[in-house]
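Residue numbers (UniProt numbering), protein chains in the order written: chain A, 1 to 396; chain B, 1 to 396.
If you want it as structure tokens, here you go:
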């Protein structure tokens, strides 16, 4: 039987990340693959208490349908927190989504016709490429360095792609590289978006995981024409398993995103939204995040110091000020996917080979390495082994 | 600022249901609108106990990321239950989705190119039209009577639409009419689908809410060529607020639906999936459903008897054997939307005007009436008032 799939399915393929999520169940594997937060940081006691209250003393309404845009109380608390952080907005400017990923899916669904040009960092978040694929875009990737997207290169790219519609960026502690867009470049990015009629999709899952320095303004807070769709997530600051995030956009855009949310899955979980609202209302999430950042900073320091120690100088890696990732660049000619398949996996070690993060020209000599979700001893052991195996490979 | 929306957004518009969900917050309103289950039936104690255990004695894994296809244990338990009900399948034939609505969205995303023909009952579930709209289909609606979709009319429709790709049906206690597809017609539907290379999207949110008679086989269980995508939901048998449903399809189809699920929102809530699995593993959900059906049968009987009593004979309505809805048909020339706006809402009563349930020619003289989520006294009071107001309107 031949199923008559839609044309859009041609571009929809299994991803390396998905296979890794499956591998993740092997308890022996030391995986630097998934961008998992450290489960030891989940506020289990607080959430346990909140869920208990919601399901005993509260009304059955927490298990009923609710507003498609999301619980008003949760939207209000998110808006207040964003406003405190400089991104001024109100409850009605916020749409609750099913993790940041749904914010990417809905924004692409809103904007992209087949063949439309999407500008991304090069490399960019694999999950965004996965979200965008069904809408059949073409990509115009922009160089990235330690200060994030190279805006001079962006200007060239825009000149060559006058019809480009959407620019996707992870300005803070980018996935996969860990780098952060500088303030000067943020301002320039907004100017260029205004001049070229671009919509900016600002994806901020790691924004709060800053281990040093001060927060830079969000692109949304610098937005002068309502061109920025700002997407955030509770996955890294509360827990991924509740599947909650938010989108903030100009009223007309948010209204349409809300219609697409309704079409896609009616609403997010009333229970989980109620719990997140109770958590935000009752506890100081920024204190919770600060406590977690002490742990992550330590893990980052441990990871970078170990990599300094074990990797040969021909292997470079980024030194992020926050987030969950460092990006390894092996010498040209090194095939990071083949190396993982043939050498790392048999030794029960995994990272994400970097090729899939490139939208167009897939450079084979990189890997994304996450240090966030692994206990110290395994982190140390795994990286030492990794270093040893890389050295051997490069010397052979 | 002009945002360059995708073409698909032209067909995406606010719906009557959405406005009603907002109205639902007015405590004075007696709403026969939403297809809400009775919150008094939610197993609060059991879920409270389960969530408490998951967040205290269990590992933090219940708040972490998990497999995109859904928790293996939950998929297994759903497959076992479907198999007991005659729809034989295994855990790997099941994809967990974010409520049945996501099953509709992903199936449409998988199959529909702009302009493709979707066959539906006439009228059909508004949420399906909302899910399908962004994929820009054309509709070929098929007559429906007390035995469900009229398969003779379907045959005519297929002859006139040789390229039709997808047939969407709610075979059990259809939304909005409450009618059920007969066994003979189910067999004929499968034959016609085989002959005309149709994919059938079988949507079964009300299937278990049967108040009399025996269950009929699912279309999936009669499927001889892997043409049926079967979608089910916990919303009406456990609680809508957990946002969990399932899709069952042929392996190749399910694999692709899983890729689209990953693209759309990574996964459903690990916590909620864990809770649903614990509930299914520990309690007899079919006993729970049977208990609830006693309540719903009573509400249906009360609603139908009251309508018999208060409505003039020129207003007809369906007599469903299960589910949440009856479908009112007023005399020709009656405008059910105008009547609601001008007469019912000022009296604090709401239903869903029927026009929006018709994919093509919107008949104005119908309304969907849900009796499920309302306490008896308000049900009785509301229907009596409704009857009185309808009588006055028709006599004037």
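Glycine residues also receive a C-beta, built at the ideal position from the N, C-alpha and C atoms.
Nearest to residue 239 of chain B (by Cα), restricted to the options B:98, B:70 and B:26: Closest option to residue 239 of chain B, Cα to Cα, is B:98.
Residue closest to residue 382 of chain B, alpha-carbon to alpha-carbon, out of B:344, B:394, B:224 and B:75: Answer by Cα proximity: B:344.
CB contact flag (residue 229 of chain A, residue 201 of chain A, <8 Å): In contact: residue 229 of chain A and residue 201 of chain A (Cβ atoms closer than 8 Å).
Chain A residues whose Cβ lies nearer than 9 Å to that of residue 61 of chain B: Going along chain A in sequence order, the residues near residue 61 of chain B (Cβ under 9 Å) are 39 and 241.
Within 7 Å of chain A by C-beta, residues of the region 210–228 of chain B in sequence order: Result list: 225, 226 and 227.
Closer than 7 Å at the beta carbon, the chain A residues around residue 9 of chain B: Per Cβ cutoff of 7 Å: 110 and 256.
Positions along the region 145–170 of chain A whose CB lies within less than 8 Å of some CB in chain B: Against chain B - using a Cβ distance shorter than 8 Å - the residues of the region 145–170 of chain A are 165.
Residue 263 of chain B: first and last residue of the uninterrupted alpha helix (DSSP H) it sits in: Here the alpha helix (DSSP H) through residue 263 of chain B covers 251–265.
Beta-ladder partner(s) of residue 203 of chain B, from DSSP: Per DSSP, B:231.
DSSP bridge partner residues for residue 15 of chain A (one or two, in chain order): Within the DSSP secondary-structure output, residue 15 of chain A pairs in no beta bridge.
Uninterrupted beta strand (DSSP E) stretches inside the region 263–315 of chain B (no shorter than 3 residues): For secondary structure counted as the beta strand (DSSP E) over 3 or more consecutive residues, the region 263–315 of chain B holds no complete run.
Residues of the region 353–382 of chain B whose Cβ lies closer than 7 Å to any Cβ of chain A, in chain order: Answer in chain order: no residues at all.
Reduced DSSP category for residue 52 of chain B - H, G, I as helix; E, B as strand; rest coil: If DSSP states are grouped into helix, strand and coil, residue 52 of chain B belongs with the helices.
Local Cβ density within 10 Å of residue 366 of chain A, reported as buried at 16 or more and exposed below that: Buried.
Nearest to residue 82 of chain B (by Cα), restricted to the options B:314, B:221 and B:4: Taking each of B:314, B:221 and B:4 in turn and checking the Cα distance to residue 82 of chain B, the smallest one comes out for B:221.
Reference residue 155 of chain B, options B:355, B:363 and B:195, closest by Cα: Considering only alpha carbons, the answer is B:195.
Assigned secondary structure, residue 156 of chain B (DSSP; H/G/I helix, E/B strand, else coil): Here residue 156 of chain B sits in helix by DSSP.
C-beta neighbour in chain B for residue 74 of chain A, strict 8 Å: Cβ-Cβ to chain B under 8 Å: no for residue 74 of chain A.
Which residues DSSP lists as bridging residue 95 of chain B, in chain order: B:247, per the DSSP bridge assignment.
Coil, strand or helix - residue 360 of chain A by DSSP: It is coil, neither helix nor strand.
Counterpart residues of residue 328 of chain A in DSSP-defined beta bridges: Per DSSP, A:317 and A:367.
Extent of the continuous alpha helix (DSSP H) run through residue 128 of chain A: Here the alpha helix (DSSP H) through residue 128 of chain A covers 126–132.
Residue 122 of chain B - partner residues in DSSP beta bridges: According to DSSP, residue pairing for residue 122 of chain B in a beta bridge involves B:143.
Within chain B, partners of residue 232 of chain A - CB distance below 7 Å: At a C-beta separation below 7 Å, residue 232 of chain A has no neighbours in chain B, since its nearest C-beta there lies roughly 15 Å away.
Whether residue 257 of chain B touches residue 166 of chain B by CB criterion (8 Å): No.
Inter-residue Cα distance where the pair is residue 164 of chain A and residue 137 of chain B: If you draw a straight line from the Cα of residue 164 of chain A to the Cα of residue 137 of chain B, it comes to about 27 Å.
Partner residues on chain A for residue 268 of chain B, Cβ-Cβ distance less than 7 Å: From the beta-carbon of residue 268 of chain B, the residues of chain A found nearer than 7 Å are 243.
Interface flag, residue 56 of chain B vs chain A, CB-CB below 8 Å: At a cut-off of 8 Å between C-beta atoms, residue 56 of chain B counts as an interface residue with respect to chain A.
Residues near residue 370 of chain A in its chain [Cβ-Cβ closer than 6 Å; skip 5 each side]: Scanning its chain for C-beta atoms nearer than 6 Å, with the 5 sequence neighbours on each side dropped, one finds around residue 370 of chain A the residues 32, 35, 324 and 325, in chain order.
Candidates B:341, B:41 and B:277: closest to residue 78 of chain B by CA position: Closest option to residue 78 of chain B, judged by alpha-carbon separation, among B:341, B:41 and B:277: B:277.
Residues sharing a beta bridge with residue 322 of chain B, DSSP: In the DSSP assignment, the residues bridged to residue 322 of chain B are B:210.
Cβ contact check for the region 352–361 of chain A and the region 112–124 of chain A: 3 or more pairs under 8 Å: A contact exists between the region 352–361 of chain A and the region 112–124 of chain A.
Local conformation of residue 333 of chain A per DSSP, three classes: Coil at residue 333 of chain A, not helix or strand.
Unbroken alpha helix (DSSP H) run spanning residue 389 of chain A, endpoints: Residues 376–395.
Length of the line joining the Cα atoms of residue 28 of chain B and residue 348 of chain B: Going by the C-alpha atoms only, they are around 7 Å apart.
Residue 315 of chain B at chain A interface by Cβ criterion, 8 Å: Closer than 8 Å: no.
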